[in-house]
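Structure first, then comments.
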Amino acid sequence: MTTRMTADPFSRRFALDGFQLEAAEAIANDENVLVSAPTGSGKTVVAETAISRALQTGLR
1 MTTRMTADPF
11 SRRFALDGFQ
21 LEAAEAIAND
31 ENVLVSAPTG
41 SGKTVVAETA
51 ISRALQTGLR
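Sequential numbering from 1 applies to the sequence shown in our numbering.
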């Protein structure tokens, strides 16, 4: 596994929306997250954050 895959998800080049920040905080606290939002709203960023956290901690 490369360090690129586990890069800090908060080091984005753009500002996160409120729902993304809320989800990222929950993910960082190892809480379950469900995101429902329109196409193009940024759900993938939340998914990438969850994947990064899982890789860092060995969780699924």
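Where a beta carbon is used, it is the ideal one built from N, C-alpha and C, also for glycine.
For Arg13, no alpha helix (DSSP H) run applies, since DSSP gives it neither H nor E.
For Ser52, the uninterrupted alpha helix (DSSP H) run begins and ends at Lys43 to Thr57, by DSSP.
In the displayed model, Leu21 falls within a helix according to three-state DSSP. The DSSP-derived three-state label of Ala28 is helix. A buried status is given to Ala24, since no fewer than 16 other beta-carbon atoms sit within 10 Å of its beta-carbon.
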